[in-house]
Amino acid sequence: GQPARGDGYAYPIVLGCELVTDICLFRLKLTGGARVKPGSTTARIALTSAAEALAAAAREALQLDAGELAAEHRPAMTPGGADGEEVEIYLYDAVPGGAGYARAAAQLTGDNLLQRALKLVQTKETPEGPGCDCETSCYKCLRSYQNRFLHASLDRHLAADLLRCALGEQAPTVSEARARPHLEAMRSWLTDEGVQAEVVGDTLHVGARRIVLTHPLLPDAAPPGVEGLSLLLAQRALGEACDRLTQGPLDE
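Going by this note's numbering, the final residue of the sequence shown carries number 257, and the count climbs one at a time with no gaps.
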């Protein structure tokens, strides 16, 4: 017979499967006023990154291969989950029926595993110390062949800050050193568009307006009299960030 012919159009499809296996669920309560709004870009990147960090830490502790234990996340099924104060990350055995890996990960105890994950993604303080020195993610911290489709959504800095909040450590901040390159990039973009802009310290001056970059987990952290723009937006969508600055007051 004649070979089947298509209509010339491509149609996206998603293939999935049901898998009965073992899981280990972590419900994390964020401190310091941090929030991850369910369904937001911040939630997707921060939770995906933290989940991959937990899975990597568990695999390292249990001496597993990357394809044996995986992780996912969801909003917490609690009142705190609705406003992003609580989140849930779960580890699961990536084999039908389970192999006991998630159960073994649970025996590591929550804080122990969170601390292990934090050591993977924190910024190195010394060349020999724990952590990583990449910009967002690499194969030394969060990336693997198995999560290759997630690489664009991995950010070790956000993962580290979320884990610190879950451990009750200091509230995340945006240092001048971290903000300055993005402020300069916005200043350059705005100047090319004919908009008067200047960077002074950790603040972008656009005419009479003052803009600081706020931490994605603390979007309302701008001081009085200063407008806040998410660091995540400045990092990942420079044009959109600058467009928002030229369209009137920010509504963060």
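In this text, a Cβ means the ideal position worked out from N, Cα and C, and glycines have one as well. Predicted, not measured: the structure shown is a model, and the values here were computed from it.
- Looking at the DSSP output, Ser-235 sits in a beta bridge with Thr-219.
- Pairing Leu-118 with Ala-62 gives a Cβ-Cβ distance under 8 Å.
- Beta-bridge partners assigned by DSSP to Ile-28: Tyr-97.
- If one requires a minimum length of 4 residues, the alpha helix (DSSP H) runs lying completely within the segment 47-89 are 84-87, in chain order.
- Spanning the alpha carbons of Thr-128 and Ala-171 requires a straight line of approximately 18 Å.
- Here the segment 68-88 does not lie against the segment 130-141, with fewer than 3 beta-carbon pairs under 8 Å apart.
- In this structure Tyr-16 is exposed. Its beta-carbon is surrounded by fewer than 16 other beta-carbon atoms within 10 angstroms.
- In this structure, Gln-175 places its C-beta atom within 8 Å of the C-beta atom of Gly-37.
- In this structure, Leu-243 lies near Ala-190, with their beta-carbon atoms less than 8 Å apart.
- The alpha-carbon of Ala-104 is positioned some 21 Å away from that of Ser-149.
- Along the length of the segment 186-214, whole beta strand (DSSP E) runs at least 3 residues long occupy 202-205, 208-211, reported in chain order.
- Cβ contact annotation for Leu-168 (same chain, cutoff 8 Å, sequence separation greater than five): Ala-55, Ala-58, Leu-119, Ala-122, Leu-123, Val-126, in chain order.
- Within its own chain, no residue has a Cβ closer than 6 Å to the Cβ of Cys-139 once the five positions on either side in sequence are excluded.
- Its Cα nearest to that of His-220, the residue Val-179 stands out among Tyr-97, His-187, Val-179.
- Rounded to the nearest whole angstrom, the C-alpha separation of Gly-86 and Leu-30 is 14 Å.
- With fewer than 16 other Cβ atoms inside 10 Å of its own Cβ, Leu-20 counts as exposed.
- If the five residues before and after Ala-60 are omitted, its C-beta is found closer than 8 Å to the C-beta atoms of Leu-74, Ala-75, Ala-76, Leu-96, all from its own chain and listed in chain order.
- Within the same chain, and ignoring the five residues on either side of Asp-27 in sequence, the residues whose Cβ sits closer than 8 Å to its Cβ are Tyr-97, Asp-98, Gly-103, Ala-104, Gly-105, Tyr-106, Ala-107, Arg-108.
- Sixteen is the threshold: since fewer than 16 other Cβ atoms of the shown chains lie within 10 Å of the Cβ of Glu-181, the residue is exposed.
- In this structure, Thr-208 is the residue among Ala-239, Asp-248, Arg-241, Thr-208 with its C-alpha nearest to the C-alpha of Glu-232.
- Separation of the CB atoms of Ala-66 and Leu-113 is rounded to 6 Å, and the pair is thereby assigned contact status at 8 Å.
- Going by C-alpha positions, Ser-142 is about 17 Å away from Leu-236.
- In summary, Gln-240 is buried, with 16 or more beta-carbon neighbours lying within 10 Å of its beta-carbon over all protein chains present.
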